[in-house]
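Heads up: the structure comes next, in structure tokens.
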């Protein structure tokens, strides 16, 4: 970074920013405390509404989390449970728990999850494979389990009578008051599991549990998952100390999925009732929920081709069921969490049937009562319901896709939504089960994430983590040169609006020309151009003198159904066209050196980097492709088939997007290939097949492989710094000639 003039800073910025901004190094990015400041994660309002609980990293080790609390009426937040007091933090987690955390993108250690019982008497804390219970009344912490196996997906039953968990592929319950555990299932072993969410629904459908308590805790509905038909893909887990072979059940596109059945167990009688999901077993159990009175089990059944979503209602006592609602789409359906049963027997439902994701209200028999939200914008998520006032609380980007706010609307008398939060940035919210109060987290490019408790009308009650960018904040020494993105839009070939952002180098001089890097993801249902706080890691590129450019191409999220379905059956086409359009615009800027363009991306972004490097007349001189899917038939069923169909149904589409069929267009020396050597998502084979093809043709490339790392290597505490410095070194050599 070029240091700003001391006199200029003294005159202009002395009272508002540091007297002298320091250069932000890659080493500091991965140091402690976190540059983005203290962040409240997993925020929850206690059932009695008296305090807020949340997870927060230790100042000296941001990756190790403790449980904190703040009283609603005021006072300083306080640490409720110190994770170091309960665990050394160095326990080796089971493969099942490692995989579960990877699916949920949890990289922290210490306390990574917790749950209240609905009475507000207990907080259940899973920690390194064992369970602890915090009694709210006296603060006494009781260790509930100490077993060789990990207890995973632990919950407190709704009335606080039991703790439930899965261990070694079986479902257990244990009385909170004391006593022995009870195994609700005993047959779980090898390819058979109970009460779990299989790999594919965790990774691609965002369902992370396989059992659900009834509201009165008299019954549990749970999954039986049979993976015996799923292909075993031997995966070399190559770590610093050697290699092991993991025989992973990995359902690749076009191949068999797990067979999932549902059962309801009555705890008093022990009776187990099967729920008939239909003769066709080749389906996804996308969501499961209970009615408010506990008499009905709702199941969302998604067809294998993901073009039909049925809502089934089952009598919990008899197992009798029927389909009460069906959504269809000629392209594909994106499953949401916008289903909410209400106490009056009606329910709220989200659907894209009018061209955007909107909320609808239905009678118990599936008859439409009313469309609740309307407009040329999508609902991002149904965040909560206040039944006393008959309002639905949801997040949306009504004014512009690059901002997000929280709104409420009456579901009894639908009208114009009322904004509960301010414009100008990006909001996330956790809404209380009753009353409409919410914990809201806000950020914008000048404001790191700030979390506060808000009343139902949107008024701030108290700060939870103010995280003000001021003296004492970890980012403060660098704040004088806080990067500010410039936002704009372009028109795609079909007239759709594409949003972009540009970040200029630190010490930007409009008379100079700079190398530029396109940072891309590009995959379906994703969004990267947002008015939120940006990762400090991006600044290291600006410090090094690069322009950074991002564009949300067709197919990306938070837009209309038409916009998001532009990729249907043709990955690697229109999104590549849009990114090339963005690159052309970028190269036309007077401060950009058009001969020094680079591209970088991870996962789908790695695929996009490869597609762009091998495009006809590519403008890119160098690209870094991290963990790229190089041939879509190697990737999993639910994601790949949603957008591409099965390989035997779309041979041309699969062939076109196979990177190995394009490598003759790759300029020698222009590629940096990166991959975690224990990746269980985009299997390492995706990169080794590309390496082999390039080597056969003697096309030179560079590579950086990361022992022990799974799919999220760039955020790794141990390897993230190396990933970042490898990128910087590569682009410095390829774009700057250093």
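In mature numbering (1 follows the signal peptide of the UniProt record, and there is no 0), the protein residues as written are -21 to -1, 1 to 717. Beta carbons are placed, not taken as given, at the ideal position from N, Cα and C, and that holds for glycine. A quick note: this is a predicted structure, and the numbers were derived from the prediction, not measured.
Neighbourhood of residue i by C-beta distance below 8 Å, restricted to the same chain and skipping five residues each side
i	result
residue -14	A caution first: residue -14 carries a pLDDT of 37, below 50, which makes its placement in the model unreliable, though a value can still be read off. If we look at residue -14 and ignore the five residues flanking it on each side, it has no Cβ neighbours.
residue 709	601, 603, 651 and 681
residue 299	293
residue 624	284, 548 and 632
residue 707	5, 519, 520 and 523
residue 106	62, 65, 66, 89 and 90
residue 513	424, 462, 464 and 482
Among the options, nearest to residue i - alpha-carbon criterion
i	options	result
residue 42	25, 315 and 63	63
residue 329	347, 323 and 322	347
residue 652	646, 349, 629 and 684	684
residue 635	262, 553 and 693	553
residue 698	2, 1, 3 and 10	10
residue 241	191, 196 and 208	191
residue 395	353, 701 and 112	353
residue 258	268, 267, 247 and 280	280
residue 441	381, 50, 505 and 21	50
residue 570	606, 619 and 490	490
residue 231	508, 611, 535 and 86	611
residue 480	595, 79, 488 and 468	468
residue 414	436, 404 and 425	436
residue 135	148, 153, 486 and 327	153
residue 200	411, 253 and 182	253
residue 220	173, 702, 713 and 687	687
residue 349	320, 367, 393 and 386	393
residue 55	36, 31 and 73	31
residue 82	676, 132 and 323	132
residue 728	567, 308, 116 and 176	Outside the shown range of the chain (-21 to 717) lies residue 728, about which nothing can therefore be said.
residue 115	126, 102 and 121	102
residue 92	627, 35 and 540	35
residue 473	12, 534 and 291	534
residue 146	119, 189, 235 and 112	189
Contact belief for residue i with residue j at Cβ below 8 Å, rounded distance in angstroms
i	j	result
residue 351	residue 362	So it is not a contact: roughly 14 Å between Cβ atoms.
residue 711	residue 689	The Cβ separation is near 28 Å, so there is no contact.
residue 617	residue 604	Contact flag wrong, Cβ pair sits at about 23 Å.
residue 622	residue 661	Rounded, the Cβ-Cβ distance is 15 Å, inconsistent with contact.
residue 163	residue 150	5 Å
residue 47	residue 59	6 Å
residue 715	residue 357	Between residue 357 and residue 715 the Cβ distance is about 42 Å, and since that is not below 8 Å, they are no contact.
residue 17	residue 511	Contact doesn't hold; Cβ gap of about 17 Å is too wide.
residue 273	residue 195	5 Å
residue 475	residue 542	6 Å
residue 294	residue 275	7 Å
residue 286	residue 22	Actually they do not touch by this definition, with Cβ atoms about 36 Å apart.
residue 509	residue 381	5 Å
Beta-carbon proximity list for residue i, same chain, < 6 Å, skipping 5 on both sides
i	result
residue 99	25, 26 and 27
residue 245	198
residue 108	129
residue 87	42 and 44
residue 97	26 and 137
residue 317	329 and 361
residue 384	398, 400 and 406
residue -6	For residue -6, the predicted model reports a pLDDT of 42, less than 50, meaning its position is unreliable; a value from the coordinates is still stated below. Nothing listed; no residue qualifies.
residue -19	Residue placement at residue -19 is flagged as unreliable, the pLDDT there being 39, under the threshold of 50; the coordinate-derived value follows with that caveat. Correct list: empty, nothing qualifies.
Chain-order list of residues whose beta-carbon lies under 7 Å from that of residue i (same chain, five-residue window excluded)
i	result
residue 124	109, 110 and 130
residue 378	402
residue 389	369 and 370
residue 263	180, 184, 281 and 617
residue 704	5
residue 186	176, 180, 265 and 266
residue 717	711
residue 182	82, 615 and 660
residue 566	573, 576 and 598
Closer than 7 Å to chain C by CB, residue i
i	result
residue 225	Of the chains in the structure shown, none is chain C; there is only one protein chain.
*asked:* Using 8 Å as the cut-off, can you tell me whether the segment 557 to 575 makes contact with the segment 523 to 530, which would need three or more C-beta pairs spanning the two stretches below that distance?
replied: yes
*Between the segment 215 to 233 and the segment 146 to 161, do three or more beta carbon pairs fall short of 8 Å?*
no
*contact_flag[the segment 569 to 580, the segment 499 to 512] where n(CB pairs < 8 Å) is 3 or more*: yes
_Threshold first: 3 residues or longer. Then list the beta strand (DSSP E) segments lying entirely within the segment 178 to 223, N to C._
190 to 192, 198 to 205 and 211 to 218
_Check whether the segment 666 to 675 and the segment 227 to 235 touch, using three or more Cβ-Cβ pairs below 8 Å as the test._
Taking one beta carbon from each stretch, the segment 666 to 675 and the segment 227 to 235 have fewer than 3 pairs nearer than 8 Å; the two do not touch.
*Counting Cβ pairs closer than 8 Å, one from the segment 500 to 519 and one from the segment 460 to 467, do we hit at least three?*
yes
_Check whether the segment 449 to 459 and the segment 69 to 80 touch, using three or more Cβ-Cβ pairs below 8 Å as the test._
no
*Note down, one range per segment and in chain order, each beta strand (DSSP E) of at least 3 residues found wholly within the segment 452 to 484.*
If we require 3 residues or more, the beta strand (DSSP E) runs fully inside the segment 452 to 484 come out as 465 to 470 and 476 to 482.
*Which runs of the beta strand (DSSP E) spanning at least 3 residues fall entirely within the segment 294 to 354, listed in chain order?*
300 to 307, 326 to 330, 337 to 341 and 347 to 350
*Curious, which full-length alpha helix (DSSP H) runs of at least 4 residues does the segment 515 to 539 contain?*
516 to 522
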